[in-house]
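In terms of my numbering, the sequence shown has 288 at position 261, counting the first letter as 1, and numbering is strictly consecutive. We put the CB at the ideal spot given by N, CA and C, even for glycine. Predicted, not measured: the structure shown is a model, and the values here were computed from it. Take a look at the structure below.
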Amino acid sequence: MSANTLFTNARLVLPNEVVQGSLQASQGLISSITAGSTAAPDAIDLEGDYLLPGLVEIHTDNFERHLMPRPKVQWAELPALLAHDAEIAAAGITTVFDALGVGEADTESLRGSAWHNVLDTLDMCMDKQLLRADHHLHVRCELPAPNTIELFAPFHDNARLSLISLMDHTPGQRQWENLEHARIYYIGKKGWSEDKFQRQVAHAADLQERYAQPHRQYFVDYCRTHGIALASHDDTTLAHVEEAFANGASISEFPTTELAARAAHGRGMCTVMGGPNVVRGGSHSGNVAAAHLASLGLLDILSSDYVPGSLLTAALRLVHDSLMTLPQAVATVTVNPARAVGMADRGALSEGLRADLVQVRLVDVADGNQHAVVRAVWREGQRVL
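See the structure below:
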């Protein structure tokens, strides 16, 4: 790819409209946007496909899934990272916040293990320019776990750490208000036995009482002193939102009720909902539907959560269901997440911003929906897919 690249015959998804036109990228940035096509011989003809800003993903568990593809089966860091990165790029994501969890009593679990080798591998791959996407870190801190602060140590002063979320998965509250949903998750995904699940439930309240509050204060202080964005997780009640807001959280991840989403939105916090929630038509945990929040104007950001390909699919579903215009839906996966974590240099097709671009073709499918097919991806003007 040359330093200057011209795209033409594209449907440009701009911040407030869709325009048939051309876009020029120079030295990694968008240098011009014009209506209409060009006959310039060196122009790349996008054949009427849509050209979107590169997607920005601030919460994906996909790297963890590649690191531990089955319960208690750890995969080597380098092939896990390369496979994760390739899947992310294929989904049109050019900026990804790899969500890595810290804190779990089970030392055989991923989140109960040390992260040194993973971080070293990420640094090596970034330094050698082996990755397609721009990778950042989102550390998910399990507040009631005794070892959370200890396992966070490798992330101290890491330049890629840009977001911390505070979690409390104590059964009987928040996401796991329904204990049966918790049981299905831990036994099915984590590979716990029924006996282990029952023991953990019995022990959970004690751990929460002992560790949750002091750990919360530790990470709130860390974010304040290091200038890192803070997110709450699975807010359910007004009290949850008020506590998060008082802590300085600017993002509410996956509020489980309309009440919590309204409260967060009213306090200027960005609400994040899962792409799989939109695509499946509801939450797998029985919580509030993302589409319902979108219909109320309470959905700011979509996250692919555990399925990278759901990000673009979910945005298009919101358009298909007349809940958002195409520019509004695209904003939930581009400029809105970028601004929520303090990134002002990407997320929109605007002159002067990074030339992170995705060529997308919409294909009609049998159920009456349209499926978005990613045909090419550029990061800072360089083609990566």
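Counting only unbroken stretches of 3 or more residues, the beta strand (DSSP E) elements lying wholly within the segment 148-187 are 161-169, in sequence order. Annotation: the segment 74-152 contains the following complete segments of the beta strand (DSSP E) (minimum length 3 residues), in chain order: 77-80, 82-87 and 120-129.
Residue environment analysis places E84 among the buried positions, since at least 16 neighbouring C-beta atoms fall within 10 angstroms of its C-beta. When the alpha-carbon of L158 is set against those of H196, E135, H183 and L105, the nearest one is in L105.
Apart from the 5 residues on each side of it in sequence, Y238 sits with its Cβ closer than 8 Å to the Cβ of L170, P171, A172, P173 and T175 in its chain, given in chain order. Annotated as proximal: L73 and N36, with beta-carbon spacing under 7 Å.
As the crow flies, the alpha-carbon of P96 is around 34 Å from that of G395. Around the beta carbon of M151, fewer than 16 other beta carbons lie within 10 angstroms, which makes this residue exposed.
If you draw a straight line from the Cα of G313 to the Cα of F90, it is about 25 Å long.
The C-beta distance from L149 to H162 rounds to 6 Å, short enough to meet the 8 Å contact threshold. Listed in chain order, the alpha helix (DSSP H) runs fully inside the segment 315-395 are 317-322, 337-347, 353-358 and 362-367, counting runs of at least 4 residues. Inside the segment 230-290, DSSP marks whole beta strand (DSSP E) runs of 3 or more residues at positions 256-260 and 278-280, from first to last along the chain. According to the DSSP secondary-structure assignment, L33 is paired through a beta bridge with Q51. Taking the C-beta atoms as reference points, G374 is found nearer than 7 Å to T361. In this structure, the beta-carbon distance from Q240 to T197 does not fall below 7 Å.
Annotation for V305: the continuous alpha helix (DSSP H) segment containing it runs G302 to R307. In this structure, P364 lies near I328, with their beta-carbon atoms less than 7 Å apart.
Sequence-distant Cβ neighbours of V357 in its own chain, meaning closer than 8 Å and more than five residues away, are V40, L79, P80 and A342. Going by C-alpha positions, G275 is about 7 Å away from V247. Three or more Cβ pairs closer than 8 Å define a contact, and the segment 371-386 meets that threshold against the segment 399-408. Taking a contact as a CB-CB distance under 8 Å, the pair D88 and A113 does not count as one, their CB atoms being some 17 Å apart.
At least 7 Å separates the beta-carbon of W102 from that of L108.
Within the same chain, D112, I115, A116, I120, T121, T122, V123, R406 and V411 come within 8 Å of A160 by CB-CB distance, once the 5 residues on both sides are set aside. Selection Y77, V346, G130 and S136 evaluated against V400 yields Y77 as nearest (Cα-Cα). With a threshold of 16 other beta carbon atoms within 10 Å, A367 meets it and is buried. Between the segment 276-295 and the segment 248-263 there are three or more C-beta pairs closer than 8 Å, enough to call the two in contact. The beta carbon of L82 lies closer than 8 Å to those of A118, G119, I120, T121, T122, L338, L339, V360, T361 and V385 in the same chain, with the five residues before and after it left out. M351 and R307 have their C-alpha atoms spaced approximately 18 Å apart.
Scanning M370, G309, V346 and G301 for the CA closest to the CA of H398 turns up V346.
The beta carbons of G48 and A62 sit closer together than 7 Å.
When the Cα atoms are used, I57 and M296 turn out to be separated by approximately 30 Å. Its Cα nearest to that of H253, the residue F182 stands out among G302, F182, G130 and V390.
The beta carbon of P335 sits closer than 7 Å to those of T87, N89, E114, I115, A118 and I120, all from its chain and outside the five residues before and after it, given in chain order. Boundaries of the beta strand (DSSP E) around A62: L56 to A62. If you draw a 10 Å sphere on the C-beta of L323, you find fewer than 16 other C-beta atoms in it, and that means exposed.
Beta-bridge pairing by DSSP links A66 to no other residue.
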